[in-house]
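Throughout the sequence shown, residue numbering follows numbering that gives the first Met the number 0, covering 0 to 151 in sequence.
Beta carbons: idealized from backbone N, C-alpha and C, even for Gly.
Being a predicted model, the structure only gives us computed values, none of them experimental.
First up is the structure itself, then whatever we jot down about it.
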Amino acid sequence: MNQHPARIVALDDTPPNRRRGGDLRAMLTPTAVGATSGFMGMALIRPGERIGEHYHPYSEEFVYVVQGEIEVDLDGVAHPLLPDHGLLIPPYTRHRFRNVGDGEVRMVFHLGPLAPRPELGHVDTEGAEDPAPGAAARPAAADSPKGARSSS
Numbered sequence: 000m001n002q003h004p005a006r007i008v009a010l011d012d013t014p015p016n017r018r019r020g021g022d023l024r025a026m027l028t029p030t031a032v033g034a035t036s037g038f039m040g041m042a043l044i045r046p047g048e049r050i051g052e053h054y055h056p057y058s059e060e061f062v063y064v065v066q067g068e069i070e071v072d073l074d075g076v077a078h079p080l081l082p083d084h085g086l087l088i089p090p091y092t093r094h095r096f097r098n099v100g101d102g103e104v105r106m107v108f109h110l111g112p113l114a115p116r117p118e119l120g121h122v123d124t125e126g127a128e129d130p131a132p133g134a135a136a137r138p139a140a141a142d143s144p145k146g147a148r149s150s151s
């Protein structure tokens, strides 16, 4: 027997989180749909933007690039990611994403398993950079684990 019904969630119905840079949409989460094993979302990253460096102590992160050219730093080493590329990021691996192309990046992310509590699932190791020219201002991420949340 299912504990909760199947749910469809539209990207446009998911509020943006710009605290770490980019526009992160946590779409399928324990709070939104009752997920119990992980959560999934979409990252929208404009040219010149980045998602600040962080790591996940409890979760693997799975990434799939739908559109755009992105560079990911994994423990300080840069790697290119192009459309139709997938990436597995193990727990405790520091990572940051940069849009290095001319168009918007659309990147699906999934993290699992869940941390024991949401505030333990994400540790920021730096703040987000200034936004791309002409982009709306975005607040910087907290530099301490106390500011951590469990989104990508």
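Nearest to residue i (by Cα), restricted to the options the options
{"i": "G120", "options": "D12, F38 and V65", "result": "F38"}
{"i": "D74", "options": "Y54, P29, H84 and P112", "result": "Y54"}
{"i": "V99", "options": "I88, Q66, P14 and A31", "result": "Q66"}
{"i": "A25", "options": "E125, V122 and M106", "result": "M106"}
{"i": "Y57", "options": "G126, D123, E125 and P115", "result": "P115"}
{"i": "Y63", "options": "R45, P82 and E70", "result": "P82"}
{"i": "H109", "options": "R97, A42 and P14", "result": "A42"}
{"i": "G40", "options": "E68, R97, V122 and P14", "result": "P14"}
In DSSP terms, what residue i is bridged to
{"i": "D123", "result": "H53"}
Proximal residues to residue i (C-beta, below 8 angstroms), its chain only, five neighbours per side dropped
{"i": "D11", "result": "none"}
Same chain, Cβ closer than 6 angstroms to residue i, five either side skipped, listed in chain order
{"i": "A9", "result": "none"}
{"i": "G85", "result": "Y63"}
Q. Going along the chain, which unbroken runs of the beta strand (DSSP E) with 3 or more residues stay wholly within the region 21-71?
A. 22-27, 38-44, 49-54 and 59-66
Q.
Measuring CB atoms only, is the region 3-20 touching the region 80-94, in the sense that at least three cross pairs come out at less than 8 angstroms?
A. no
Q: Specify whether the region 1-9 and the region 75-85 touch according to this definition: at least 3 beta carbon pairs, one from each stretch, less than 8 angstroms apart.
A: no
Q) Of all the alpha helix (DSSP H) runs that stay within the bounds of the region 75-103, which reach a length of 4 or more residues? A) none
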